[in-house]
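Undergrad: First the structure, then my questions, so here it is.
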Amino acid sequence: MTQRTYISKKPDYILLFTILALLAIGFVALSSASAVPSREKFNDPYYYLKHQLIFGFSAGLFLGYLAYRIRLKTFEKLALPILLLTFFLLILVFLPNFGYTHGGAKRWVILGPISLQPSEIAKFSYILFLASWFKNRKNEIKSFLEGTFPFLLMTGFLAGLLILQPAVGTTGILLISAMIMYFIAGGKIFHIAYCLVLGILLLGILIKIAPYRIERIQAFLNPGADPLGISYQINQCLIAIGSGGIGGVGLGNSGQRYHFIPEPMGDSVFAIYAEEMGYIGSVFLIGLFILFAWRGLKAGLNCENKFAKITAVGIVSWITLQAFINIAGISKLLPLTGVPLPFISYGGSALAITLIASGLLLNISKHTND
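So that you can map any letter, position 317 of the sequence shown is 449 in the numbering used here, and since no number is skipped, the others follow by simple counting.
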């Protein structure tokens, strides 16, 4: 007889407190990293922090609570409609009067007073859809024609829309997360290897056709070659991290936030945090992401509901992989990619979607056979 899944009715409190700790660190880090541009543009050192609280945190908290309360079966039924809505938003990005360009990338949609970043929504919606799709094709998943090929077509279509923006970093995170989900769903190792080869070829092509991506790799390999040009950002980030030492210079005392580091409250926020909180604070933050991954995977893998299991693995893969890529890039362990640091970087859409995913992960943690 198959063991029925035990519903504890209570979330994983360690996971919950980890999420709250990441949020708290995010607000503290953002309050310092955004103070200079906030004061200069709006004469209010906390403008961007307030904006993040109102449009990112408040919306994310409400929707995240709904994700925590809604039945998992309902999410499974809504997976396709949510993905179709995401495709619609991704197409709106390229239409006049709707799409908004910033920093050479067309990633935002303006709908009245609201601006959205559909590429952030795509991570969550595609994970939901894939989990539902994999669950309903447990027999076909091992077949190349009935499992792998349609998986590649769907993933390729979404990747194409993201690459056109361009959002290559987001595309890479989504592709790797999808591959991990495919493996958990029962895909054959040979088929997974085939997909990985295609992904590596695609990455090579994308690097070849975009000079700025080649420059990022050159800056990674030789940061001293052009310290005021292509290597400027990574060099300034390393100065910030090194200046922090063991215990940091103290909250609000970063010197690198004064126009030395590009995007101090966005992609480079970890450098400001490391400068102010030092090695101890940096290790603590990384430890929280590791704890998030452990408890999230534990919740998913101990759940007999296959949709919930695959969804949890997808969410954990996305958030922890993105955190690793961001921190590794800022620390010169990888080339810079431009992806934000989950829970920490400024961005209402990113924070709201991360909180929705976290709410669903806590929902899944209520369903366990422990």
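Glycine is no exception: its CB is placed at the ideal position from the N, C-alpha and C atoms. Just so we're clear, the structure is a prediction, and the values are computed from it rather than from any experiment.
Which residue's Cα is closest to the Cα of residue 452: 463, 390, 215 and 425?
TA: Nearest of 463, 390, 215 and 425 to residue 452, Cα basis: 425.
Undergrad: Could you work out which residue in 162, 188 and 302 is closest to residue 177 when comparing CA atoms only?
TA: Cα-wise, what sits closest to residue 177 is 162.
Undergrad: Could you give the first and the last residue of the continuous alpha helix (DSSP H) run that contains residue 324?
TA: Its alpha helix (DSSP H) spans residues 321-341.
Undergrad: Which first and last residues belong to the alpha helix (DSSP H) in which residue 481 is found?
TA: Its alpha helix (DSSP H) spans residues 480-497.
Undergrad: With a Cβ-Cβ cutoff of 9 Å, do residue 160 and residue 305 count as a contact?
TA: Not closer than 9 Å, so no.
Undergrad: Going by CA-CA distance only, name the one from 180, 365, 409 and 394 that's closest to residue 386.
TA: Among 180, 365, 409 and 394, the Cα nearest to that of residue 386 is on 409.
Undergrad: From residue 436 to residue 158, what does the alpha carbon distance come to, in whole angstroms?
TA: Approximately 33 Å, taken between the alpha carbons.
Undergrad: If we count Cβ pairs, one from each stretch, closer than 8 Å, do we get three or more for the segment 361-369 versus the segment 391-400?
TA: Result yes; three or more Cβ-Cβ pairs closer than 8 Å.
Undergrad: Distance, Cα to Cα, residue 314 vs residue 324?
TA: If I take the Cα positions, the gap works out to 8 Å.
Undergrad: Can you tell me the Cα-Cα spacing of residue 493 and residue 338, whole angstroms?
TA: Their backbone Cα atoms lie some 33 Å apart in a straight line.
Undergrad: Count the other CB atoms within 10 Å of the CB of residue 354; is the residue buried (16 or more) or exposed (fewer)?
TA: It is exposed - the Cβ of residue 354 has fewer than 16 other Cβ atoms within 10 Å.
Undergrad: Taking 8 Å as the cut-off, does the segment 290-298 touch the segment 240-254 (at least 3 CB pairs, one atom from each stretch)?
TA: Touching, yes, given that three or more Cβ pairs across the two stretches are closer than 8 Å.
Undergrad: Mind the definition here: the segment 238-248 touches the segment 279-287 only if three or more C-beta pairs lie below 8 Å; say whether that holds.
TA: Too few Cβ pairs lie closer than 8 Å, so no.
Undergrad: Report, in whole angstroms, the separation of the C-beta atoms of residue 483 and residue 189, which I expect to be a contact under 8 Å.
TA: Between residue 189 and residue 483 the Cβ distance is about 6 Å, and since that is below 8 Å, they are a contact.
Undergrad: Are the CB atoms of residue 152 and residue 215 within a distance shorter than 9 Å?
TA: Result no, Cβ atoms of residue 215 and residue 152 do not sit closer than 9 Å.
Undergrad: Alpha carbon to alpha carbon, how far is residue 194 from residue 262?
TA: Taking the straight line from one Cα to the other gives about 25 Å.
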